[in-house]
Amino acid sequence: MLALRTSAVLAAAALAIAAAPVHAQDEKKEIEKYQKMLAEGSPVELFELQGEDLWKKPQGPKHASLEKCDLGMGPGVLKGAYAHLPRYFADTGRVMDLESRLVHCMVTLQGRDYKEATKRVFGNADKPSELEYLVAYVVGKSRGVRIAVSTRNPKEKAAYELGRQLFHYRAGPWDFSCGSCHGVAGKRIRMQSLPVLDKPSGARHTYATWPAYRVSNSQMKTFQWRLNDCYRQMRFPEPTFGSDATVALTMFLAVTANGERYAGPGTKR
Amino acid sequence: MKSKNVHVLLGGLAAALLAAQLAYADPTLLEVRAVMHRDFHARGQAVMSRVDQDDVQYLCTVTHNKPSAKQVKEMEADQLAMIRYPADGNYMGDWKRGAKIAASGKGMTWKEKPGQNRGGGCYNCHQLSPKQPSYGTIGPSLKHYAKVRPGVDGQKYVFAKIYDSKAFNLCTQMPRFGTSHSLTEQDIKDVTAYLLDPASPVNQ
């Protein structure tokens, strides 16, 4: 209901903007106004609250909550945890992002089966996925914290380098890489401006406002979803959820965004 | 095609290296590709061979889209030889149908069936009709393009450019719609007409 009403208000705002004669100088101001309206009508807080309930709810064969989940700052420590992810975890010997770590906790703490826990990682407007709620809750606890993702561990450094290479890797029937759309400053696709994501100038703001609520389809979207849908549009095969490749690409973008104050969950058109 | 096989062979070696848990601080493209084969999966028409680079994709990736003049000359000639021109020598189709293909950004994804929703996505990157304000800027404006590319020479060029853009600008971000079988010959003729027909909104 809230999502519907928000969409209607924002659609009206978008129409008003589209109808107005847009002068080059005014364009940026209008877009900023639109983005402010987006943020004011956003239901991200509802997702955070429901995520908190899920975090504390005993589930799985072990009938345990996720309250002892270690996201890298110690069991149950949430404040600032997302601002330091992805990171190397000694208990798994892997570099993990938030989503893959949450699933790890579901498996280890709650005794759930990996397949069951990842059966529905992306939800829809009618029924968001469990992960979308949990992600909203956890990242909200890093709001205002500076992003500081480490590459000190050799595996973290390797993930960063792999992510950098993946970003520029051109393939598929349309010859695209991430850099095809996110590699040149001042360009846009249709009316959507495109941040240059391999440079701090573009990566910082964009990365710091993901995960995000998408007004156009009334859904909370995780970063794993963001990468998945980019690869769909690049006409590639599908990246496997939580795989090293997806974590590496996230690592590359996160490190490039280092120093920015985390400001999510964001709200996007 | 020959060199693609070489890449595949080397890809097998890279996979073996990965399996041996080799620490790689700076992975090569073949190692990157081996990671993609491990960490991506085929879905619908988006089969795994899509992550295997052909010569153009490989060269453009390793040179950061700045290959040497010699490489450009050789490989653009190879690409030019891939173009199949219409047997009837007629490059112009139906601009109204071309308008729909130009406006559609769909087709070729894992959510679509092969051949379904064939779009050129032209407006994603180019200005075309002056009446359509929603256009991208990754490619140049093609407004009033009949003036830029007049006559039958212009028609042949536009057909070929859409068919295989890499024949003219090796590391361009524009897809090769004919070579990749994303659009049919008729689709490409229709988009060519949308760009060059005097009655098309692009030239109004």
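Residue numbers (my numbering), protein chains in the order written: chain A, 1 to 269; chain B, 270 to 473. The C-beta atom is built at its ideal place from N, Cα and C for all residues, glycine as well.
Cα-Cα separation, residue i to residue j
i        : j        : result
A/Val139 : B/Trp379 : 30 Å
A/Thr267 : A/Arg261 : 16 Å
B/Phe437 : B/Ala350 : 12 Å
A/Arg94  : B/Lys425 : 54 Å
B/Ser469 : B/Trp364 : 6 Å
A/Arg269 : A/Ile147 : 24 Å
A/Met251 : B/Asp456 : 41 Å
A/Met106 : A/Ala158 : 27 Å
Check whether residue i and residue j have beta carbons under 8 Å apart
i        : j        : result
B/Tyr414 : B/Ser403 : no
A/Glu156 : A/Arg101 : no
A/Ala171 : B/Gln340 : no
B/Arg307 : A/Phe236 : no
B/Ala368 : B/Tyr432 : no
A/Val145 : A/Leu131 : no
B/Arg353 : B/Gly447 : yes
B/Lys458 : B/Met361 : yes
A/Tyr207 : A/Ser42  : no
B/Val417 : B/Thr461 : no
B/Gly390 : B/Gly374 : yes
A/Thr92  : A/His84  : no
A/Glu116 : A/Gln224 : no
A/Tyr82  : A/Lys127 : no
A/Asp255 : A/Tyr160 : The residue you asked about is not Asp; residue 255 of chain A is Val in the sequence shown. Yes; because the gap between Cβ atoms is below 8 Å, this pair is in contact.
Residue from the options with nearest C-alpha to residue i
i        : options                                   : result
A/Asp113 : A/Val215, A/Pro61, A/Thr267 and A/Gly242  : A/Pro61
B/Val331 : A/Gly179, A/Tyr169 and A/Leu249           : A/Tyr169
B/Met377 : A/Pro239, A/Val247, A/Arg232 and A/Leu98  : A/Arg232
B/Asp321 : A/Leu253, A/Ile189, A/Trp174 and A/Ala254 : A/Trp174
B/Gly388 : B/Gln396, B/Ile370 and B/His395           : B/Ile370
A/Ala257 : A/Leu162, A/Asn228, A/Gln192 and A/Ser150 : A/Ser150
B/Gly313 : A/Val107, A/Val77 and A/Glu238            : A/Glu238
A/Ser218 : A/Glu32, A/Val44 and A/Ala148             : A/Val44
A/Thr118 : A/Asp126, A/Phe252 and A/Ser243           : A/Ser243
B/Cys394 : B/Leu298, B/Asn359, B/Lys412 and B/Asn472 : B/Lys412
B/Ala356 : B/Glu454, B/Leu299 and B/Gly423           : B/Glu454
A/Asp97  : A/Ala248, A/Leu166 and A/Pro265           : A/Ala248
A/Phe265 : A/Gln192, A/Met234 and A/Met220           : Rather than Phe, the amino acid found at residue 265 of chain A in this sequence is Pro. Minimum Cα distance to A/Pro265 is reached at A/Met220.
B/Asn359 : B/Ala303, B/Ala338, B/Asp422 and B/Thr441 : B/Asp422
Limits of the unbroken alpha helix (DSSP H) element including residue i
i        : result
A/Gly115 : As written in the sequence, residue 115 of chain A is Lys, which differs from the Gly given in the question. Element bounds for A/Lys115: Tyr114 to Ala117.
A/Val95  : Here A/Val95 belongs to no alpha helix (DSSP H); instead the beta strand (DSSP E) covers Arg94 to Met96.
B/Lys425 : Gly420 to Tyr432
A/Gln165 : Pro154 to His168
B/Lys342 : Ala338 to Leu349
B/Val261 : A query on residue 261 of chain B cannot be resolved here, the shown segment of chain B reaching from 270 to 473 and no further.
A/Gly51  : Val44 to Lys56
Terminal residues of the beta strand (DSSP E) in which residue i lies
i        : result
A/Tyr88  : Arg87 to Phe89
A/Gly266 : Gly266 to Lys268
A/Arg204 : Per DSSP, A/Arg204 belongs to no beta strand (DSSP E); it is in the alpha helix (DSSP H), Pro200 to Ala208.
A/Ala212 : Ala212 to Arg214
A/Lys127 : Segment: none, A/Lys127 is in no beta strand (DSSP E) and carries neither H nor E.
A/Gln270 : Beyond the ends of chain A as shown, which are 1 and 269, falls residue 270 of chain A; an answer cannot be given.
Closer than 7 Å: residue i CB and nearest the ligand NAD heavy atom
i        : result
B/Met305 : This structure lacks the ligand NAD, and indeed carries no ligand of any kind.
Across the region 172 to 189 of chain A and the region 198 to 205 of chain A, are there enough close Cβ pairs to call them in contact, namely three or more that are closer than 8 Å?
yes
For the pair the region 45 to 63 of chain A and the region 122 to 136 of chain A, tell me if three or more CB-CB distances fall below 8 Å.
yes
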